[in-house]
Amino acid sequence: MLKKLLPLTLVCLSLSACSTLTSPFSSGAAPSAQTVAPYRDQVELTGRLNVVYQKDDKPESATVNFNWQQTAQRTDVTLYSPVGSTLATIVVTPQQAVLTQSGKAPRSAPDVDALSAQLLGWSLPVSGLRDWLQGHAVGADGKRFVASPANDSVTTKDGWRLRYVSWQDASDNTPGALPQPRRIDAERNASAQADAVSLRIVLDAPSAQAQ
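Counting in our numbering, the sequence shown runs from 4 upward without gaps.
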């Protein structure tokens, strides 16, 4: 009887081993645990941004569309109204930030956060967004943070609380594609240096960005 069962047992073990080897998760974590793609110096993104801020001790809000282009040494941001008219352009280099509002002369300053707060009424943290829009940040502990669906929040070194609320469905069109952020919430409490501000950023899908 034992001799008859032995071949069957070996077959079962063999099938089990084959099943393990062909499992889609045998060599790595499930897609929900994957981190975002490696950081890129050069990207172009589009999306929408809703901001809630304080003005004269009263809450104000604004919604803008944006086009974001960055290289290793420069960031260009164009802000549009919901109907498509250009509200402002921002150019940031290692030397300075220049903000130009529609119909007004360009203004420059060393710090884009302070410049945008002065001219727009709310702070746009361009230096942080260079990382955040790709799912990267520097945490309050000074360590590099890389977002994933399973690790979706961090407080940055400069006091912003980030949460990656949702993710693109790029893997539906590109099998094996790593997650990319879709919605990012960022907020900062008021301090002696800056007012409180809350941002909700929604990025367009990769196919839309390429158009």
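The C-beta atom is built at its ideal place from N, Cα and C for all residues, glycine as well.
Taking C-alpha positions only, Ala189 is separated from Gly162 by approximately 10 Å.
Shown here for Val46: same chain residues with a beta carbon closer than 8 Å to its own, the five before and five after excluded, namely Trp71, Gln72, Gln73, Leu136, Gln137 in chain order.
Only exposed fits Gln121, as fewer than 16 other CB atoms lie within 10 angstroms of its CB. According to DSSP, residue pairing for Asn70 in a beta bridge involves Thr49, Thr81. Nearest to Asp144 by alpha-carbon distance, out of Thr158, Ser151, Leu132, is Thr158. Contact check between the region 199-209 and the region 179-188: three or more CB pairs, one atom from each, fall below 8 Å, which counts as touching. Under the DSSP assignment, Ala112 falls in the beta strand (DSSP E) whose first and last residues are 110-112. Note on geometry: alpha-carbon atoms of Val55 and Val200 lie some 6 Å from one another.
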